[in-house]
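Okay, so here's the structure we're looking at.
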Amino acid sequence: MPTARISLHAQSILRDLAEKSGKTIQEILDEAIESYRRYKFLVDCNSAFARLKENPKAWEEEKEERRLFENTLKDGLKDE
13 MPTARISLHA QSILRDLAEK SGKTIQEILD EAIESYRRYK FLVDCNSAFA RLKENPKAWE
73 EEKEERRLFE NTLKDGLKDE
């Protein structure tokens with residue numbers, strides 16, 4: 013099994029979280045890593061959209077594509 017070095021401070025926090033939550037340190041690390049992965053994904057998406065908005069032509073194309081997809085919701089079918 014791979015290992016990673018962490019600071020004594022991080023070890024202390026992990027032990028405290030494990031005691032308070034009843035989870036293992038591995039479970040807490042898995043959850044933290046997944047949360048960070050999701051956070052990083054959203055940060056990267058926001059950055060990409062910011063760059064897209066800086067290009068007026070590309071941004072207008074994006075908005076037009078969104079308008080086309082909005083029409084698909086007007087198909088007369090009820091949402092379930």
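Numbered according to the working numbering, the sequence shown spans residues 13 to 92. For each residue, glycine too, the CB sits at the ideal point set by N, CA and C. In this text the structure is predicted, and so the values were computed from the model without any measurement.
Apart from the five residues just before and just after T36, which ones in its own chain have a Cβ nearer than 7 Å to its Cβ?
By one-based count along the sequence shown, residue 36 stands at place 24. Excluding sequence neighbours, T36 sits near A30.
In this structure, does DSSP put K35 in helix, strand or coil?
Here residue 35 refers to the residue found at position 23 of the sequence shown. Coil, per DSSP.
What's the C-alpha gap between P14 and V55?
Taking the sequence shown and counting its residues from 1, one reaches residue 14 at position 2. Taking the sequence shown and counting its residues from 1, one reaches residue 55 at position 43. Cα to Cα, P14 sits roughly 28 Å from V55.
Could you check where the alpha helix (DSSP H) with P14 kicks off and where it finishes?
Start at 1 with the first residue of the sequence shown, and residue 14 comes out as number 2. Run containing P14: none; DSSP gives neither H nor E here.
By how many angstroms is the C-alpha of L26 removed from the C-alpha of I40?
For the purposes of this step, residue 40 is taken as the residue at position 28 of the sequence shown. For the purposes of this step, residue 26 is taken as the residue at position 14 of the sequence shown. In a straight line, the C-alpha of I40 is about 7 Å away from that of L26.
Taking the straight line between their C-alpha atoms, what separation do you get for Q23 and E46?
Indexing the sequence shown from 1 puts residue 23 at position 11. Indexing the sequence shown from 1 puts residue 46 at position 34. So the alpha carbons of these two residues sit roughly 19 Å apart.
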